[in-house]
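Beneath this line is the structure, given in structure tokens, with notes to follow.
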Amino acid sequence: MLQKTRGIALSYIRYRETSIISRVYTEEFGLQSYIVNGVRSAKSKNNRIALFQPLTLLDMVVYYKNDRDLHRLSEVKTLHPFQSLPFEVAKSTIAMFVTELLNKVLKEEAGSPVLFRFLVDSILFLEESRSNYENFHLAFLLKLSFFLGFGPESALEFESQLRENSYPFLPDNQTETALNTLLRQPLGTPAPLTRAGRNELLDALVVYYQIHIDTIGEVKSLPVLREVLG
Numbered sequence: 312m313l314q315k316t317r318g319i320a321l322s323y324i325r326y327r328e329t330s331i332i333s334r335v336y337t338e339e340f341g342l343q344s345y346i347v348n349g350v351r352s353a354k355s356k357n358n359r360i361a362l363f364q365p366l367t368l369l370d371m372v373v374y375y376k377n378d379r380d381l382h383r384l385s386e387v388k389t390l391h392p393f394q395s396l397p398f399e400v401a402k403s404t405i406a407m408f409v410t411e412l413l414n415k416v417l418k419e420e421a422g423s424p425v426l427f428r429f430l431v432d433s434i435l436f437l438e439e440s441r442s443n444y445e446n447f448h449l450a451f452l453l454k455l456s457f458f459l460g461f462g463p464e465s466a467l468e469f470e471s472q473l474r475e476n477s478y479p480f481l482p483d484n485q486t487e488t489a490l491n492t493l494l495r496q497p498l499g500t501p502a503p504l505t506r507a508g509r510n511e512l513l514d515a516l517v518v519y520y521q522i523h524i525d526t527i528g529e530v531k532s533l534p535v536l537r538e539v540l541g
């Protein structure tokens, strides 16, 4: 049955000679996998494979059957062509990290329009920001944790949960104040952090996610993100 939905491209793998299998988080159906034929062919028009780069926002018409793990696309186009996200080093590094985490934490279940809207708004914020996005990844993970069911109500609760799991997170006053700001205020609210404080909080957040989702494992993009945005 043909269905319309919006989606967020997360990753893809090569499939046969000219096709891919793309993982997309959709508004209507949650996490889905789609066969996309011919996009790796020399004859493919308009570089369609670019539509499936990480975090691309998609408008799709799909063939959907709830008893299948692999679906097909009828139509696909971008909802919002990116002008900065794939091209600016800091933003593309953040996007790489965010995409890796989303691939690890989003599940194959019914769609969540509220979560989808949060993800779209966050991606558009990063795309459109010209300043005050150096802490985006920190604020994003904190806010996403509430949708996943383990968001901390305060910096004190965050620190307490880490200590209970034998992770020695002892932030200074500036880092603790920044953590409360990132938790409670909208994306882009200034939360001054030193390079050391930003890296310390980033490492603590990854551990916090690993405590609550034991399948996360190693986050391969973490060293690159530390280097670029630390």
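Residue numbers (the numbering used here): 312 to 541. Where a beta carbon is used, it is the ideal one built from N, C-alpha and C, also for glycine.
Could you give the residue range of the beta strand (DSSP E) that holds residue i?
i    : result
L313 : L313 to Y326
Would the beta-carbon of residue i be found less than 8 angstroms away from any heavy atom of the ligand FMN?
i    : result
V409 : Only the bare structure without any ligand can be found here, which leaves the ligand FMN out of the picture.
In the DSSP output, which residue or residues are listed as bridge partners for residue i?
i    : result
R334 : S322 and S344
L384 : V373
T389 : L369
For the alpha helix (DSSP H) containing residue i, list its first residue and its last residue.
i    : result
H448 : F447 to L459
T505 : Per DSSP, T505 belongs to no alpha helix (DSSP H) and is neither H nor E.
R441 : Where R441 is concerned, there is no enclosing alpha helix (DSSP H), given that its DSSP letter is neither H nor E.
Y411 : The sequence as given places Glu at residue 411; Tyr does not occur at that position. Per DSSP, E411 belongs to the alpha helix (DSSP H) from V400 to V416.
L533 : L533 to L540
Answer yes or no: do residue i and residue j have a C-beta to C-beta separation smaller than 9 angstroms?
i    : j    : result
I434 : L368 : yes
S423 : P365 : no
E438 : K388 : no
L390 : A406 : no
K418 : G528 : no
F461 : H523 : yes
R351 : E328 : yes
L455 : A489 : no
L313 : V400 : no
S330 : G349 : yes
L504 : N443 : no
T404 : L536 : yes
V518 : N476 : yes
L384 : Y336 : no
G341 : E420 : yes
Using a Cβ-Cβ distance cut-off of 9 angstroms, determine whether residue i contacts chain B.
i    : result
S385 : In the displayed structure, chain B is absent; only one protein chain is listed.
Beta strand (DSSP E) segments (min. 3 residues) lying fully within the segment 342-382: DSSP runs (the beta strand (DSSP E)) wholly in the segment 342-382: 368-374.
Please determine if the segment 493-512 and the segment 445-463 are in contact, where contact requires at least 3 C-beta pairs separated by less than 8 angstroms. Result yes; three or more Cβ-Cβ pairs closer than 8 angstroms.
Contact the segment 529-537 vs the segment 469-476: 3+ CB pairs below 8 angstroms: The segment 529-537 vs the segment 469-476: no contact.
Those runs of the alpha helix (DSSP H) which lie wholly inside the segment 462-523 and span at least 4 residues: Listed in chain order, they are 466-475, 484-495 and 506-523.
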